[in-house]
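Position 37 of the sequence shown, counted from 1, bears residue number 37 in the working numbering, the numbering being contiguous throughout.
Yeah, the Cβ is synthetic: ideal placement off N, Cα and C, and Gly gets one too.
Working notes, beginning with the structure itself.
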Amino acid sequence: MKKIKLLTISSLAALLAVNVAASAASFDDNSLIRGRDGKIFVVRQGQKVKVNSLDELRRNFRGREIVNVDDNTLAQIRTSNSGRGSIRKGDLIRGRDQRIFEVEHGELRQIRDLVELRREHAGQAIHNVNDDTLREFELRGRDNEPGEDIRGNVDENEVRGRDNRGRDNRGRDNRGRDNEPDEDIRGNVDENEVRGRDNHAGEDNPARVGDDNLPRHSGVDNAPGGRGEIGGGRNSKK
Numbered sequence: 001m002k003k004i005k006l007l008t009i010s011s012l013a014a015l016l017a018v019n020v021a022a023s024a025a026s027f028d029d030n031s032l033i034r035g036r037d038g039k040i041f042v043v044r045q046g047q048k049v050k051v052n053s054l055d056e057l058r059r060n061f062r063g064r065e066i067v068n069v070d071d072n073t074l075a076q077i078r079t080s081n082s083g084r085g086s087i088r089k090g091d092l093i094r095g096r097d098q099r100i101f102e103v104e105h106g107e108l109r110q111i112r113d114l115v116e117l118r119r120e121h122a123g124q125a126i127h128n129v130n131d132d133t134l135r136e137f138e139l140r141g142r143d144n145e146p147g148e149d150i151r152g153n154v155d156e157n158e159v160r161g162r163d164n165r166g167r168d169n170r171g172r173d174n175r176g177r178d179n180e181p182d183e184d185i186r187g188n189v190d191e192n193e194v195r196g197r198d199n200h201a202g203e204d205n206p207a208r209v210g211d212d213n214l215p216r217h218s219g220v221d222n223a224p225g226g227r228g229e230i231g232g233g234r235n236s237k238k
């Protein structure tokens, strides 16, 4: 009797191990996962890349759901050593020396002056990166090309521009946020919801990402393994 019981326990342990491994391998590319500590990652080619800020979450993953996972499942997915995993074509990035680049086909093209920045990228977010991430990209052109040096001239993470009527247009971004690379967003996402702003004088509007007209819902099951939608806070039963 004891032998049978031990075999049963052993079989159960093996079954649980298989289930954990299967759950770790079940995430498709660009899936969003969140651990118990609130950190959010995007899965890329079987590896996890940390989502560094709410602005990145809103810009790149509108309407996407976040899957809550336990520590064992999170540990099954290797952390990517590449800081460029969440940076896409057309994004603006800024190094510690305050130079700003546009990402084009895996290469960096330096933004040479404020006129270009305002004309081509008004309203676009600027992602702060560390030197290691910057070195992963190939720099196009030479640093000594003529052009205005814009280091230190851009207010926080915001591109300010003017429209054709001469009125000041402020680009959207997370003004007032910590400007250091790898901003920690733990605790900033309410359950599975991202709060946004409407177009009326910056009034704070609890918004569903991808559908700003829906009211915010509470009571989201945030237990490990639960599923929710960014900005939705709603769990539907299928």
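Check whether residue i and residue j have beta carbons under 9 Å apart
i    : j    : result
I93  : L32  : no
H127 : I87  : yes
N130 : R99  : no
G106 : F137 : yes
R44  : N30  : yes
V69  : R118 : no
Residue interval of the beta strand (DSSP E) (run including residue i)
i   : result
Q98 : No beta strand (DSSP E) holds Q98; DSSP gives it neither H nor E.
N68 : E65 to N68
Buried versus exposed call for residue i [16 or more other C-beta atoms within 10 Å across all chains shown]
i    : result
K48  : buried
E102 : buried
E104 : exposed
V115 : exposed
S26  : exposed
L55  : Sequence inspection shows Asp at residue 55; the Leu mentioned does not correspond to that position. Classification of D55: buried, given that the 10 Å Cβ count is 16 or more.
A75  : exposed
T79  : exposed
R36  : exposed
Assigned secondary structure, residue i (DSSP; H/G/I helix, E/B strand, else coil)
i    : result
N128 : strand
G152 : Confidence at G152 is low in this model, with a pLDDT of 46, below 50, so its placement is unreliable and the value that follows should be read with caution. The answer is coil: DSSP assigns G152 none of H, G, I, E or B.
R34  : strand
D113 : coil
R88  : coil
D28  : coil
I4   : Because the pLDDT at I4 is just 48, under 50, the model does not fix this residue reliably, and the value given afterwards should be weighed accordingly. DSSP places I4 in helix when its eight states are reduced to three.
G147 : Its pLDDT being 41, under 50, G147 is placed unreliably in this model, and the value from its coordinates should be taken loosely. Three-state result, G147: coil.
D71  : helix
Beta bridge counterpart(s) of residue i as assigned by DSSP
i    : result
R44  : Q47
T239 : An answer regarding residue 239 cannot be provided, because it is not within the stretch 1 to 238 covered by the chain.
Contact test: residue i Cβ vs the ligand ZN heavy atom, cutoff 8 Å
i    : result
I100 : As presented, the structure is devoid of all ligands, the ligand ZN included, so that no description of it is given.
Span of the alpha helix (DSSP H), counted from its first residue to its last, around residue i
i   : result
H94 : Looking at the sequence shown, residue 94 is not His but Arg. First-last for R94: L92 to R94, but that is the beta strand (DSSP E), not the alpha helix (DSSP H).
R62 : That residue, R62, is in no alpha helix (DSSP H); it is neither H nor E in DSSP.
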